[in-house]
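Working notes, structure below.
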Amino acid sequence: METIMRTFSQTYPKLCHLYSIGKSVQGRNLWVLLITKNANVDDDQLLKPNVKYVANMHGNEAVGRELLLHLMEYLLVNYDIDPFVHNLLDNTRIHLMPSMNPDGFESSREGQCIGGNGRFNMRGIDLNRNFPDKFSARMEKEQEEVTAIRRWLEQIPFVLSANLHGGALVASYPYDNTPVNMLSRWKLSYEPSLTPDNDVFKHLAETYSFNHLTMHQGKPCPDGSMESFPNGTTNGAKWYPFSGGMQDYNYVHGSCMEITLELSCCKYPTHTQLPEYWRQNRNALLTYMNEVHRGVRGIITDSNTGIPICDAKLKIKGRGDITFKSTKRGEFWRILLPGSYTLQINANGYQPMEKSFRINNDGQITYVNIELTPYGQQQQQQQQQL
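Position 134, counted from 1, in the sequence shown is what the UniProt record's numbering calls 134; the numbers after and before it change by one each time, with no gaps.
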């Protein structure tokens, strides 16, 4: 995997950059390939959103790992051939992490469809149960791989993400956990636990499912479980609730909309099956990333100086207590469906502000630039008018 990624970075230096966000328990690098136009220079293009795919956090679920390597090659080879790919790379920063759990992958075995070694990291911890949770306390010490992901989210303002798994065929969206104690395994069914942005998450999940060749059919896997998912999607807690999941953490703490993609009934199929998995998922992987170019974006500045305002807190009125922040360049993004909204903005040293806007049905991004007034200035202006 590392050799392939290094080869890509050396062959296409203007389109991709290889970096590590940290190391696993056993010291293996957590590699990421950034793919975008001008990847080899400081890219100062404003309002260019960051998207990520993370695979193989359960080391024995290998399909996502291989799909991301295929996706890297497809994007790089087709940049000068396919107008869609060209436009995507010109206007998006794409971060691809094929393996979040390289230690687990090393202990897994090809052909093991159910169970098998490698799900956990080398301390026996399930990384998808190890993140801080909105509804319950974390029981186990934070693992190196999870710490690396959290720092990554602090450093880069990701807008959209997906987490690639195996063992089922479904697109699952937050929340995975629930505020109600419904975790008894004796229950025959669970209630959904919906976010304030459920309309967007459901749309994102269906975008992937309906662009996948078969996921949208919602058919059960041939393992006897008889689990079926209408339209190939499910709310995470409705399927089965658990705490410490990565997609919930991305949404609540990272201002990033992430869903979980279960891409194969077999966790680690034989290598001869990989071309078919790529054929099934290629269009869905591409189309999903492009959803980052939906909704609202803009820049927040000081009304006097025009200087960008960093760390302004924003929220969409009527959508719960979920906030997102402006970057050091004053940028913000939020994926929204067509409709009318009100943006609420608060920043230290500035008067709070509300700004109404509309997302149209034409698929175009809505740009809303905000100028905040420093505290005291409005009072001075009123006194001068008296």
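The C-beta atom is built at its ideal place from N, Cα and C for all residues, glycine as well.
If you're wondering where the values come from, they're calculated on a predicted model, not measured in any experiment.
Other residues of its chain near residue i: CB distance less than 7 Å, five sequence neighbours each side excluded
| i | result |
| --- | --- |
| W278 | L67, H70 |
| A39 | K14, L15, C16, H17 |
| V146 | L127, N130, F131 |
is_contact[residue i, chain D] using C-beta, thresh 9 Å
| i | result |
| --- | --- |
| A62 | Note that chain D does not occur in the displayed structure, where there is just one protein chain. |
Span of the alpha helix (DSSP H) around residue i
| i | result |
| --- | --- |
| S9 | 2-11 |
| D302 | From DSSP, D302 is part of no alpha helix (DSSP H) but of the beta strand (DSSP E) over 296-302. |
| S209 | 198-211 |
| K23 | Looking at the DSSP string, K23 is not in any alpha helix (DSSP H); the run it does join, the beta strand (DSSP E), is 16-23. |
Residues near residue i in its chain [Cβ-Cβ closer than 6 Å; skip 5 each side]
| i | result |
| --- | --- |
| C266 | C113 |
| L213 | Q280 |
| L274 | E66 |
| S243 | D133, S136, N177 |
| M5 | L18, W31, L33 |
| F229 | V170, G218 |
| S193 | Y175, T178, A237 |
| A62 | Y268 |
Boundaries (first-last residue) of the beta strand (DSSP E) holding residue i
| i | result |
| --- | --- |
| A284 | That residue, A284, is in no beta strand (DSSP E); its alpha helix (DSSP H) goes 274-290. |
| F120 | No beta strand (DSSP E) holds F120; DSSP gives it neither H nor E. |
| A55 | 50-55 |
| V32 | 29-35 |
| R334 | 331-334 |
| I307 | Unbroken run through I307: none, as it is neither H nor E. |
Beta-bridge partners of residue i, as assigned by DSSP
| i | result |
| --- | --- |
| K325 | K313 |
| residue 387 | Outside the shown range of the chain, which is 1 to 386, sits residue 387, and nothing can be said about it. |
| C256 | Partner(s): none; C256 has no beta bridge. |
| F158 | N50 |
| T234 | S172 |
Beta-carbon proximity list for residue i, same chain, < 8 Å, skipping 5 on both sides
| i | result |
| --- | --- |
| E2 | N29, W31 |
| T355 | Strictly speaking, residue 355 in this sequence is Lys, with Thr absent from that position. Contacts found: T342, L343, I345, V368, I370. |
Subject >> Any 3 or more C-beta pairs closer than 8 Å across the region 94-111 and the region 220-227 >> reply: no
Subject >> Sequence ranges, beta strand (DSSP E) only - wholly within the region 337-384, length at least 3 >> reply: 339-346, 353-359, 370-372
**OP:** Take every Cβ of the region 311-326, pair it with every Cβ of the region 338-345, and state whether three or more of those distances are shorter than 8 Å.
**Re:** yes
Original post:
Contact between the region 288-305 and the region 145-157: three or more CB pairs below 8 Å?
Top reply: no
**OP:** Evaluate contact between the region 233-240 and the region 168-182, counting only Cβ atoms and requiring at least three cross-stretch pairs below 8 Å.
**Re:** yes
Subject >> Sufficient close CB pairs (3 or more, under 8 Å) joining the region 207-220 to the region 292-309 >> reply: no
Original post:
Is the region 324-335 in contact with the region 118-136, if contact means three or more CB pairs nearer than 8 Å?
Top reply: no
**OP:** Spell out a yes or no on whether the region 52-62 and the region 85-101 are touching, meaning 3 or more CB-CB pairs, one atom from each, closer than 8 Å.
**Re:** yes
Original post:
Considering only residues of the region 78-135, which uninterrupted beta strand (DSSP E) runs meet the minimum length of 3 residues and lie entirely inside it, listed in chain order?
Top reply: 93-97
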